[in-house]
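These notes concern the structure reproduced below.
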Ligand code: PLP
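In UniProt numbering, the protein residues as written are 21 to 431.
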């Protein structure tokens, strides 16, 4: 466990040797962590499945071979995860000075970073200039003025608002992206400031189930390229299609939709570099969270439990990311019946987080076998917008939750 498997898993020519963990292997791994490290101190922990990260990168490269991912660090800044992605060729989307610093501290060079926050504090722009991060997004005139003052060599991507991001779990449109009527003035402002606008970016919204959103956004981006040409600006060379991908079914429809829209609007553009800012796609399924039952109350058939992570911690995704979390007792994760799964009867159960706020309720009306204090409850698919946005409310410190790395070879 540690740095070595990351290097081994990502070393060229060895990537295919690492595969996602089976349920049995994940269960065995969690049991070994608990037995070796957590006998006395039953703290929650994450498992990062490096084989899953490899598999996701292979899926990305196979479906979107010409689109370089700039992983959105905000989604999950776990250092070993960033290192793994970097070793597999990903670049990075950073939102702040602190995120740029995490990425640089891993030995990643500044030219592999897009500072994809359209509204940056001046101090962050000054920092970007100093360390050589020279690609950023903008969607307001004031951003142009700040960049002209502090980082005039920085290249710009004009962030546009996609018109149909309404199906996204977390639309970005209400806050970011130039409206159609603002595009020409914003291009002119950059031109007058003698800044280089290298291209266009958009975000269709996070957790978007509607792959067609990419079609409209790519068509709109093409219009911006044409407007820039009409204004006599240097030819744009970058298209940044943002995030919004979810692994699984959504990706299998979104990737062909993107490819087809690029073919329609940007065919015959050999000078064009296409990048994306996926967060959820790489992070969500790669992380599994194990929590301990720290309290129990029985009210007839209703069983109520307290666990040591909750809505103010990793499960803030229920509020902010509109996520639905699922849970399985560690003992019931595999069908091998090697651990006592609490009997076959399921009970209506409530699972509370550890803080003293009643809002901190993770699961309601959830079917679980009867569990006991000190049993472990496991939450799959907990990598996206979870630990990254947790707090230390009531003294339960989310950032202290440890991540253990696991990898498996094909059997
Ligand atoms: N890029 C930007 C600018 C974002 O704000 C976000 C998410 O907030 C992302 C990329 C990542 O989005 P997703 O996780 O949907 O891929």
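Backbone N, C-alpha and C fix where the C-beta goes; we use that ideal spot for every residue, glycine too. No experiment lies behind these values; they were computed from the predicted model shown.
Comparing alpha-carbon positions, the option among 104, 137, 109, 107 lying closest to residue 120 turns out to be 137. A residue is called buried when at least 16 other Cβ atoms come within 10 angstroms of its Cβ; residue 306 meets this threshold and is buried. Comparing C-alpha distances from residue 230 to each of 341, 212, 277, 251 shows the shortest one belongs to 277. For the stretch 312-369, the full-length beta strand (DSSP E) segments reaching 3 residues or more read 322-327 along the chain. Relative to the non-hydrogen atoms of the ligand PLP, the Cβ of residue 113 comes within a distance shorter than 7 Å of at least one.
Residue 112 is a Cβ neighbour of residue 91, given a cutoff of 8 Å. If you draw a straight line from the Cα of residue 424 to the Cα of residue 68, it is about 6 Å long. Across the set 355, 344, 283, the C-alpha of 283 shows the shortest separation from the C-alpha of residue 294.
By the CB criterion at 8 Å, residue 310 and residue 359 fall outside the cutoff. Partner residues in the beta bridge of residue 310, as assigned by DSSP, are 65, 398. Of the residues 181, 389, 48, the one whose Cα lies closest to the Cα of residue 194 is 181.
With respect to residue 208, residue 251 sits close: the two C-beta atoms are nearer than 8 Å.
Burial of residue 300 is indicated by the presence of at least 16 other C-beta atoms within 10 angstroms of its C-beta. Residues 185, 225 of the same chain have their beta carbon placed closer than 6 Å to that of residue 191, with the five preceding and five following residues left out of the count.
With contacts defined by Cβ atoms closer than 8 Å, residue 384 and residue 370 form a contacting pair. Using a 10 angstroms sphere on the CB of residue 303, the tally of other CB atoms reaches 16 or more, which defines it as buried. Of the residues assessed, residue 96 falls on the buried side of the cut-off, its CB having 16 or more other CB atoms within 10 angstroms. Each of 163, 160, 135, 139 was checked against the Cα of residue 152, and the nearest Cα belongs to 135.
Secondary structure note for residue 236: its alpha helix (DSSP H) is the uninterrupted segment 232-250. For residue 263, the distance from the CB to the nearest heavy atom of the ligand PLP is below 7 Å. Close CB contacts of residue 352 within its chain, under the 6 Å cut and outside five residues either way in sequence, are with 361 (chain order). Cβ contact annotation for residue 291 (same chain, cutoff 6 Å, sequence separation greater than five): 257, in chain order. Under DSSP, residue 189 forms no beta bridge with any residue. If you look at residue 165, you'll find it in the alpha helix (DSSP H) that goes 161-170.
Of all alpha-carbon atoms in 238, 234, 245, the one lying nearest the alpha-carbon of residue 270 is that of 234. A direct Cα-to-Cα measurement between residue 43 and residue 50 gives close to 11 Å. With distances taken between CA atoms, residue 167 lies nearest to 214 out of 199, 345, 214, 368.
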